[in-house]
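Undergrad: Below you will find the structure I want to go over with you.
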Amino acid sequence: MTEQIKSIIKDIRIDQVTEATRALEAAARLTGLDDASKTELAAGLAALFYHDLHGKTGLIRLASQAEDIIASLGTAVLPFLIGELALADAESAAHFGRVIARSKAAAVKPVMDAINSHRGDDYAMMNLIATISCFKDPAALEAIPEILVASKGKNERLRAEALYAAGRLVRNLGSDRFDDTLRLKMFDTCFEALKDKNPLVRRNAVASLGKIAEKGMLTPDQERKVRDKFKGLLGIDGAHNWDNAYIVRQQAQQFFKFLKEDGKAHNRYHQTFRILEKRELCPDTYYYSIDAPLIAHKLVAGQFIIIRANEHGERIPLSIAGWDAEKGTINVIIMSAGRSSREINMMNVGDRLADVVGPLGQHSHVKKHDGVCVVIGGGYGTGAVLPTARALKKAGNKVYGIVGARNEKLLIMEDELKQVCDEVLVTTNDGTKGIQGFVTHAMEAIMKRGEKISHVLAIGPVPMMMAVANMTKPLGIETFVSLNAIMVDGTGMCGACRVSVGGKTKFACFHGPDFNGHEVDFDQLMKRQKMFVAKEKLALEAMGK
Amino acid sequence: MADLNSKERMAIPFVHMPLNPGEKRIHNFLEVPIGYTAEQAMQEARRCIQCKKPGCIGGCPVGINIPAFLELIEDGKFAEAAKKIRETNFLPAACGRVCPQDKQCQAVCVVGKKSDPVGIGNLERFAADWERTHGTFTAPVIPAPTGKRVAVIGSGPAGLTAAYELRMRGHEVIVFEAFHRGGGVMVYGIPRFRLPLEIIDEDIKMLENMGVQFVYDMIIGNVLSLDDLLVTEKFDALFIGTGAGLPKMLGIPGENSNGVYSANEYLTRIYLMQANDFPRYITPIEQGKRVGVIGAGNTAMDTLRTAKRMGSDVTCYYRRTRDEAPARTEEVEHAEQEFLNWKWLHNPVEIIADANNNVKAIKCEKMKLSEPDSSGRRKPVGTGEFVTDEIDTIVFSLGCDVNPIIPATDKEIRINKWGIVMVDRETNMTTKEKVFAGGDVVTGGSTVILAMGQAKTAALNMHKYLVGEIKWDVSKIPTDPNAPGIVWEGKNK
Ligand SMILES: Cc1cc2nc3c(=O)[nH]c(=O)nc-3n(C[C@H](O)[C@H](O)[C@H](O)COP(=O)(O)OP(=O)(O)OC[C@H]3O[C@@H](n4cnc5c(N)ncnc54)[C@H](O)[C@@H]3O)c2cc1C
Ligand SMILES: Cc1cc2nc3c(=O)[nH]c(=O)nc-3n(C[C@H](O)[C@H](O)[C@H](O)COP(=O)(O)OP(=O)(O)OC[C@H]3O[C@@H](n4cnc5c(N)ncnc54)[C@H](O)[C@@H]3O)c2cc1C
Ligand code: SF4
Ligand code: FES
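For the record, the sequence lines run as chains A and B.
Taking numbering that gives the first Met the number 0, the leading residue of the first sequence gets 0, the next gets one more, and so forth.
Taking numbering that gives the first Met the number 0, the leading residue of the second sequence gets 0, the next gets one more, and so forth.
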């Protein structure tokens, strides 16, 4: 053992903030350790986990620093950590568990091995199962059979721990990972456990079923069963034999909302509107995949949807960046503008949007042209032109894509567009990537090559669409723009989305959203978009209050 | 008391509905009429002379047995009275509040010949409210399943009634609604101070308890087409009750200025999206100090009174006079108690906006009424004199055209030149086999009770069709694109 490690261990044992801080700083500086020394160091630092930290705020902070340092030592210290975990008291076990979980996939097998070798040692099993349920790695799925066995064991605390772990894995791994057989097993086990005589076990069974419901993993039949059962537990089924343990009722109350589905009936026309995927494209701009099978089945390029995030929310229109009819998903790109878009951008995978309505609006204009087609996207519009670009390509056209952004960092969806178009030109205002300037410069570049442009679709900020239309008008190039007027219902019922096209009033939601760019009164559109700015500011300020 | 003779009964004065006072109610969205007490209700019911051949029943579009329920109220049997009404009308609380009784049952009531007619609407409302607050309602028994599945499109009064009638005959019913909640215009048009939300929700809950399934956020035509419903989803019959949803504007210059709304947008923002509770609900509404409402129908009255409650100085612009106003008399009277300004004989000709496109003034031509023409109608004619009023917000309340989504997505559905869905007047069959229609979509805009009446007819015929009693027959459906919709009551009357 090196002198350094020895002195670190000594400092830690003193159990005082100053010394421990010094020890952790020294430990963080150590490099080039072999596996044995790593384990020694880990053991030394882990002494902090065993201290009675109650009320000692300084040391609590240090304990979590120690977790970081031990985690940075890598997989070499796993055997030590797992060994300790099996023996540790509940509080220390939480520290060990967290560190182990940070090794992700690499730690799954060692923990599983430990589970296999500790079978019969209920105490060790509790800690090991609790730990493995913290994993977000799909490999942790292997532990589920073991967990289900444990949840039927003799020891009440182990049963409770195992049921809790089952639910946590559902939350951590997401519904995709569970196949039908596994789902059925989980359901049966948890449902059976609702009869347990121990209230803690019942509570955790309720929590697990709740999480399974939350992730949309119940069949309609199972869902009805659970709903009826929860009603019984809560005493709202009129039978007056509710669960006598408050903790059970309280937990049922918490998860009941996932079974009620906001009171909406469940049948084959029910769509969960759950967020299945979320990805940051650039700051404040996210890509989402949303569960909406019926809508996905009917979408055609050019159409849009309307989303309401929650019961207090506003209906906001969004373009479609793609869909998968088979998987039943639709994709949108949302840029944080004001309150509503921000509220959605704060939601995560697994969350449900209150409403998704669509498909709305008319199809985009797709046919075979003599010359080439150009699709131009700025901001969220880069995603919005994708479906039409694909359709134009499919109709036998040569399709150019143009993506414009202020700088390289704000460029999005370039690769996706490349997969669809024959060629993609990039423009940035500051020249950090591609052509310096505006999307119109890229148009000029295409024309300079001697290409004849027959059709242009531009989607993005109004000034961009206007610039494109102004450029193509004298050249007589057919140009469509997608008008992002303020909307409410999106079905032609309210007239909020009135736009002037060719001197006539049109409803952007019903007659559009795509219109002949040469006829659009852009000036009026821009002014109408500002109709609610004062209120929008207030809404944003009130956010989170 | 049942021993009163007709003369004594007719001598009892009308029991006026107690109202929240105008100066208070313009600051809130609480219901304006407070409702009868039990004593008041019994007293008013006593005024009915129990005619041998009651005219009122025929005056009711759904044929409620009015004298029977009035007698039950007179005897203090309120729960039974409500039950009696429910035999023919399953939305009594809503109808008691919003039906134009002055043009229906009360218009023909014999007591009305000498004094005020019996307050049938007030009493209907009383019985329904009593049932709701005392929880005496018992869900009806549903007959054995017939094995037939029907889809109802739209959850306004027409759709809800069709759902109820079909479910009561044992069919499986699924209601598809485009919005996120049910009720149609009763939710997003008719104001809360006339029809509280709980009432509609209660009725929808009852349907759910009867096993009717509701699917929201589902635009039929766009998500599932009529053919999808019939072919892939295997519904045995469909009912279209999608209402009149396309707002009318005047087509005058400046209509697209910021601050100009259609009544649909204005009322939807407030009542469906709850913009009056901004920013708790985050849908905004921008309304200035001076609001002008154009029109004088029911919708205009609702808009005027809503705008007042939102805290502005509100003026009604109408090109005829008060006497020609198409709104229900009671609505005009209630509106007149609410400190509004009235500019009769003013015809808007232009909206003037500032450089930012915000409304700043409205220009109107002063009108006068012509001598009565052959039909006795006095037309408004221009005087050539113009006035310009400064104004910040304008709401067009001119009524609606029919919702175009379904006819636009299914060419087999025949419509006339105003977009009204053409149906057989007796059976409510459309030109597409297995598809029936009712409500505003076949009239071009009428009333809750007429929509319900048609839905009842349609549902009855759907049932007959489903069990094979009648055959599909489109021979009597008008082919002339100028043919009107099926009933025109309530329009410009
Ligand atoms: C057909 C169409 C497609 C659209 N596609 C997308 C998309 O794919 N991705 C995306 O991020 N955005 C898209 N938008 C714009 C998006 O709807 C607005 O950014 C969003 O409504 C802003 O709401 P907010 O509360 O976050 O911002 P707010 O603070 O309310 O408003 C910011 C600005 O957004 C606009 N806006 C506000 N409310 C609405 C409304 N109800 N309808 C339309 N515009 C509104 C106004 O110009 C406003 O000044 C689209 C708009 C339309 C009409
Ligand atoms: C402001 C206002 C005040 C009124 N006041 C009164 C009054 O006091 N008394 C009175 O009797 N009448 C009144 N009326 C008229 C009355 O509300 C209507 O006549 C009645 O609601 C018509 O019923 P409906 O079921 O035919 O249509 P609606 O109530 O319009 O319902 C149609 C439903 O269908 C839905 N829908 C539309 N298209 C689709 C689709 N493609 N897929 C799925 N769903 C769809 C709509 O969202 C809506 O919910 C008023 C109307 C308004 C606008
Ligand atoms: S017409 Fe009038 S008086 Fe006669 S039964 Fe009807 S409500 Fe009574
Ligand atoms: S959004 Fe209401 S009509 Fe277009």
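C-beta atoms are modelled at their ideal positions from N, C-alpha and C, and glycine is treated no differently.
As the structure is a computational prediction, the values presented were derived from the model and not from experiment.
Using three-state DSSP, classify Pro379(B) as helix, strand or coil.
TA: Strand at Pro379(B).
Undergrad: Answer yes or no: does any C-beta atom of chain B fall closer than 9 Å to that of Arg273(A)?
TA: Closer than 9 Å: no.
Undergrad: Please determine whether the Cβ atom of Asp202(B) lies at a distance below 8 Å from any heavy atom of ligand 2.
TA: Because no heavy atom of ligand 2 lies under 8 Å away, the Cβ of Asp202(B) does not count as near it: no.
Undergrad: Nearest to Gln42(B) by CA position, among Ile56(B), Leu69(B), Ala93(B), is which residue?
TA: Closest by alpha carbon: Leu69(B).
Undergrad: Roughly how many angstroms separate the alpha carbons of Ala35(A) and Val247(A), rounded to a whole number?
TA: So the alpha carbons of these two residues sit roughly 47 Å apart.
Undergrad: Is there at least one Cβ from chain B nearer than 9 Å to Ser340(A)'s Cβ?
TA: No, no contact with chain B.
Undergrad: Of the residues that make up the segment 176-196 of chain A, which ones have a beta carbon closer than 9 Å to any beta carbon in chain B?
TA: Correct list: empty, as no residue qualifies.
Undergrad: What does a CB cutoff of less than 7 Å around Met125(A) pick up in its chain, not counting 5 residues either side in sequence?
TA: The residues are Arg156, Leu157, Glu160.
Undergrad: Tell me the DSSP secondary structure of Trp322(A) in three-state form.
TA: It is a strand residue.
Undergrad: Express the C-alpha separation of Val172(B) and Gln212(B) in angstroms, rounding to a whole number.
TA: Answer to the nearest angstrom: the Cα atoms are 6 Å apart.
Undergrad: Since Asn402(B) meets chain A, which of its residues come closer than 9 Å, beta carbon to beta carbon?
TA: Going along chain A in sequence order, the residues near Asn402(B) (Cβ under 9 Å) are Thr490, Gly491, Met492.
Undergrad: Against chain B, with Cβ distances strictly below 9 Å, would Phe531(A) count as a contact?
TA: It does: the Cβ of Phe531(A) has a partner Cβ on chain B nearer than 9 Å.
Undergrad: Are Leu271(B) and Val186(B) touching if we call contact CB-CB under 9 Å?
TA: Yes, Cβ-Cβ distance for Leu271(B) and Val186(B) is below 9 Å.
Undergrad: Of all the options Asp522(A), Ala441(A), Thr387(A), which has the alpha carbon lying nearest to the alpha carbon of Val419(A)?
TA: Out of Asp522(A), Ala441(A), Thr387(A), Thr387(A) has the C-alpha closest to the C-alpha of Val419(A).
Undergrad: With 9 Å as the threshold, decide whether the Cβ of Ser261(B) is near any Cβ in chain A.
TA: It does; some Cβ of chain A falls within 9 Å.
Undergrad: Decide if Tyr245(A) is buried, meaning its Cβ has at least 16 other Cβ atoms within 10 Å, or exposed.
TA: Label assigned to Tyr245(A): exposed.
Undergrad: Ligand 1 and Ile294(A): does the residue's C-beta get closer than 8 Å to at least one heavy atom of that ligand?
TA: Checking every heavy atom of ligand 1 against the Cβ of Ile294(A), none is found closer than 8 Å.
Undergrad: Less than 9 Å between the beta carbons of Phe175(B) and Met205(B), yes or no?
TA: No, Cβ-Cβ distance for Phe175(B) and Met205(B) is not below 9 Å.
Undergrad: Let me confirm a value: Asp414(A) is counted as buried when at least 16 other C-beta atoms fall within 10 Å, else exposed. Which label applies?
TA: Answer is exposed; the Cβ neighbour count stays below 16.
Undergrad: Using a C-beta to C-beta distance shorter than 8 Å, which residues of chain B count as neighbours of Val487(A)?
TA: Near Val487(A) (Cβ distances below 8 Å), the residues of chain B are Glu264, Thr267, Arg268, Met272, Thr282.
Undergrad: Any idea what DSSP makes of Ala264(A), helix, strand or coil?
TA: The predicted model places Ala264(A) with a pLDDT of 41, which falls under 50 and marks its position as unreliable; any figure quoted below should be read in that light. Here Ala264(A) sits in coil by DSSP.
Undergrad: Measuring from the CB of Met41(B), is there a heavy atom of ligand 1 at a distance below 8 Å?
TA: No, the Cβ of Met41(B) stays beyond 8 Å of every heavy atom of ligand 1.
Undergrad: Taking a contact to mean a Cβ-Cβ separation below 9 Å, would you say Ala100(A) touches Thr74(A) in this structure?
TA: Cβ atoms of Ala100(A) and Thr74(A): not closer than 9 Å.
Undergrad: Is there contact here, the segment 284-299 of chain B with the segment 420-428 of chain B, by at least three beta-carbon pairs under 8 Å?
TA: Touching, no.
Undergrad: Using a beta-carbon distance below 9 Å, is His179(B) in contact with chain A?
TA: Yes - at least one Cβ of chain A is within 9 Å of the one on His179(B).
Undergrad: Could you give the C-beta distance for Pro340(B) and Val313(B), rounded to a whole number, given that I count them as a contact under 8 Å?
TA: This sequence places Asn at residue 340(B); Pro is not what is there. At roughly 7 Å, the Cβ-Cβ gap stays under 8 Å, so Asn340(B) and Val313(B) are in contact.
Undergrad: Leaving aside the five residues before and after Thr145(B) along the sequence, list all residues of the same chain whose C-beta is less than 6 Å from its C-beta, in chain order.
TA: Excluding residues within five positions, the ones whose Cβ falls inside 6 Å are Gly169, His170.
Undergrad: When the Cα atoms are used, what is the spatial distance from Ala538(A) to Ala164(A)?
TA: Answer to the nearest angstrom: the Cα atoms are 40 Å apart.
Undergrad: Please identify, using Cβ separations under 8 Å, the residues of the segment 345-362 of chain A that lie next to chain B, in order along the chain.
TA: If the cut-off is 8 Å between Cβ atoms, the segment 345-362 of chain A has Ala353, Asp354, Val355, Val356, Gly357, Pro358, Leu359 near chain B.
Undergrad: Under the three-state reduction of DSSP, which class applies to Ile141(B): helix, strand or coil?
TA: Here Ile141(B) sits in coil by DSSP.
Undergrad: Please confirm whether Ser474(B) has its beta-carbon closer than 9 Å to some beta-carbon of chain A.
TA: Not closer than 9 Å to any Cβ of chain A, the Cβ of Ser474(B) fails to qualify, so no.
Undergrad: Are the CB atoms of Val109(B) and Gly54(B) within a distance shorter than 9 Å?
TA: Cβ atoms of Gly54(B) and Val109(B): closer than 9 Å.
Undergrad: Taking the alpha-carbon of Lys551(A) as reference, which of Val205(A), Gly215(A), Glu407(A), Ile114(A) has the nearest alpha-carbon?
TA: An answer regarding residue 551(A) cannot be provided, because it is not within the stretch 0 to 544 covered by chain A.
Undergrad: Compare the Cα-Cα distances from Gly398(B) to each of Glu73(B), Tyr260(B), Met9(B) and report the closest residue.
TA: Ranking Glu73(B), Tyr260(B), Met9(B) by Cα distance to Gly398(B) puts Tyr260(B) first.
Undergrad: I'd like to know whether the C-beta of Lys526(A) is nearer than 9 Å to at least one C-beta of chain B.
TA: Answer yes: the Cβ-Cβ gap between Lys526(A) and chain B drops below 9 Å somewhere.
Undergrad: Our contact map puts Ile448(B) next to Cys98(B) with C-beta atoms below 8 Å; I'd like the distance itself, whole angstroms only.
TA: 5 Å between Cβ atoms; contact.
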